[in-house]
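Structure record follows, encoded as structure tokens.
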Amino acid sequence: MKNVISTDKAPAAIGPYSQAIEVNQMVYTSGIIPVVPSTGEIPEGSVAQAKQAFENLANLLAAAGTGMEKVVKTTVFIKEMNDFGAINEVYAQFFPAPYPARSCVEVARLPKDVMLEIEAVATK
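Note that this note's numbering numbers the sequence shown so that position 122 is 122, with each residue one more than the last.
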């Protein structure tokens, strides 16, 4: 049985998808972008956007009854590979060691022209 997870503390879905789905005590998030949920604004710069995206992810995981410490895999999509180091520094502030497995890829464009998007898989 799959359960739909949603919260107003993370950006709403902007298409035909759920913010997250829980199945068999695993939570699978959709891509999370750095939109401030209460205002719809997007912070300036890769560091501020990374912080917002990871806060949004933490809020979505909390709504699912789990947390950043239970994340086992992430995929990070970044617009500019030159921001890799700065985004890594922010990433390390949100995820405790041992860090989740991760893929990070540079992409040509992201929704709303943001600088990064993250998706995660977490245990309950």
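No residue lacks a Cβ here, since even glycine has one placed at the ideal position from N, Cα and C.
On the CB-based measure, 16 or more other CB atoms within 10 Å of its CB, does residue i come out buried or exposed?
i	result
aspartate 83	buried
glutamine 25	exposed
threonine 74	buried
valine 36	exposed
methionine 115	buried
methionine 66	It is worth fixing the name first, because residue 66 is threonine in this sequence and not methionine. Classification of threonine 66: buried, given that the 10 Å Cβ count is 16 or more.
glutamate 41	exposed
proline 16	exposed
glutamate 117	buried
On a Cα-Cα basis, can you pick out the residue from the options that is closest to residue i?
i	options	result
valine 27	Ile14, Lys112, Leu60, Pro16	Leu60
lysine 70	Glu89, Ile42, Tyr99	Tyr99
serine 18	Ile87, Glu44, Ala48, Val4	Val4
aspartate 8	Ile32, Glu44, Ala48	Ile32
alanine 12	Lys124, Pro111, Val121	Pro111
lysine 124	Glu22, Arg102, Ala10, Ile42	Glu22
arginine 102	Val121, Gly85, Asp113	Val121
glycine 85	Ala50, Ala62, Glu41, Val72	Ala50
lysine 2	Ala48, Ala20, Ile14	Ala20
On the DSSP bridge list, what partners appear for residue i?
i	result
methionine 26	Val23, Thr123
lysine 70	None, per the DSSP bridge assignment.
asparagine 3	Glu22
Contact check, residue i vs residue j under 8 Å by CB: the rounded distance?
i	j	result
glutamate 119	serine 30	6 Å
isoleucine 87	serine 38	Not really, about 23 Å apart at Cβ, beyond 8 Å.
Would you check if the stretch 44-61 and the stretch 89-96 touch, i.e. whether three or more CB-CB distances between them fall below 8 Å?
yes
Count the CB pairs spanning the stretch 94-114 and the stretch 67-84 that are closer than 8 Å, and state whether there are at least three.
Cβ pair count under 8 Å is three or more, so yes.
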